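What follows is a set of notes on a single structure, which appears directly below.
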Amino acid sequence: MADFPHFLCPGQAEGLVLRLDEPLSLWGGLDAATGRIIDQHHPQVGMSISGTMLVMPSGRGSSSASAVLLEAIRCGTAPAAIIMEHPDAIVALGAIVAAELYDVTLPVVVVSPQTLATYITGDSLSL
426 MADFPHFLCP GQAEGLVLRL DEPLSLWGGL DAATGRIIDQ HHPQVGMSIS GTMLVMPSGR
486 GSSSASAVLL EAIRCGTAPA AIIMEHPDAI VALGAIVAAE LYDVTLPVVV VSPQTLATYI
546 TGDSLSL
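Quick look at the structure:
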């Protein structure tokens, strides 16, 4: 994958960046009803991802992550977009299914490590 950015799930979004220090496991790490990080071992535990431009190195863990993302989208607590350094088909699947079921787009984008490093929590970002 030499060309960046690479959209795993296309769309447009804007919001404030929330850059996670570590990958987030959506299954068991995110409360889809509230949009809050609930993984007690995650550095950003307690923070809300709702409406943010969620930036993280990659997804982590379970194949159930797509279902958790789908539920967060249904509840209106999902991020506006997910931006990662490493592609994650499971995370993208949740966004793809949401587009089909709910007609809601949530861009999932892969960027270069250099670009990922430029995103700072609180900065405004548009895709």
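Numbering (the working numbering), first residue to last: 426 to 552. Idealized CB from N, CA, C, for every residue including glycine. These numbers come from a predicted model, not from an experiment.
* Asked: Where do the N-terminal and C-terminal ends of the alpha helix (DSSP H) with serine 491 fall, by residue?
  -> Numbered from its first residue, the sequence shown carries residue 491 at position 66. Per DSSP, the unbroken alpha helix (DSSP H) holding serine 491 starts and ends at 490-500.
* Skipping 5 residues on each side, what residues in its chain have a beta carbon closer than 7 Å to that of arginine 444? -> What you label residue 444 is simply residue 19 of the sequence shown in a count that begins at 1. Contacts found: Val480, Tyr544, Ile545, Thr546.
* Check whether the Cβ atoms of isoleucine 498 and alanine 523 lie closer than 8 Å to each other. => Along the sequence shown, one-based indexing puts residue 498 at 73. Along the sequence shown, one-based indexing puts residue 523 at 98. Taking a C-beta distance under 8 Å as the contact criterion, isoleucine 498 and alanine 523 qualify as a contact pair.
* First and last residue of the beta strand (DSSP E) that includes glutamate 439? -> Along the sequence shown, read from residue 1 onward, the residue named residue 439 stands at position 14. Unbroken beta strand (DSSP E) run through glutamate 439: 439-444.
* Asked: Which residues in the same chain as serine 473 place their Cβ atom closer than 6 Å to its Cβ, once the five residues preceding and following it in sequence are excluded?
  -> One-based indexing of the sequence shown puts residue 473 at position 48. Within its own chain, the residues whose Cβ lies closer than 6 Å to the Cβ of serine 473, once the five positions on either side in sequence are excluded, are Gly460, Arg461, listed in chain order.
* Could you tell me the distance, in whole angstroms, from the CA atom of tryptophan 452 to the CA atom of valine 529? => On the sequence shown, residue 452 is found 27 positions in, with the first residue counted as 1. On the sequence shown, residue 529 is found 104 positions in, with the first residue counted as 1. When only Cα atoms are considered, tryptophan 452 and valine 529 end up about 21 Å apart.
* Return yes when the Cβ of alanine 490 is within less than 8 Å of the Cβ of valine 516, no when it is not. => On the sequence shown, position 91 is the one that residue 516 refers to. On the sequence shown, position 65 is the one that residue 490 refers to. Valine 516 is a Cβ neighbour of alanine 490, given a cutoff of 8 Å.
* Identify whether isoleucine 474 lies in helix, strand or coil by the three-state DSSP scheme. => To locate residue 474, count along the sequence shown from 1; it is residue 49. Residue state, collapsed to three classes: coil.
* **Cβ distance (whole Å) where alanine 382 is taken to contact alanine 503 below 8 Å** => Because the chain is modelled from 426 through 552, residue 382 falls outside the range shown and cannot be assessed.
* How many angstroms separate the CA atom of glycine 484 from the CA atom of alanine 458? -> For the purposes of this step, residue 484 is taken as the residue at position 59 of the sequence shown. For the purposes of this step, residue 458 is taken as the residue at position 33 of the sequence shown. Roughly 19 Å between the two C-alpha positions.
* Sheet register partners of aspartate 456 (DSSP bridge) -> Working through the sequence shown from its first residue, we reach residue 456 at position 31. Aspartate 456 pairs with Arg461.
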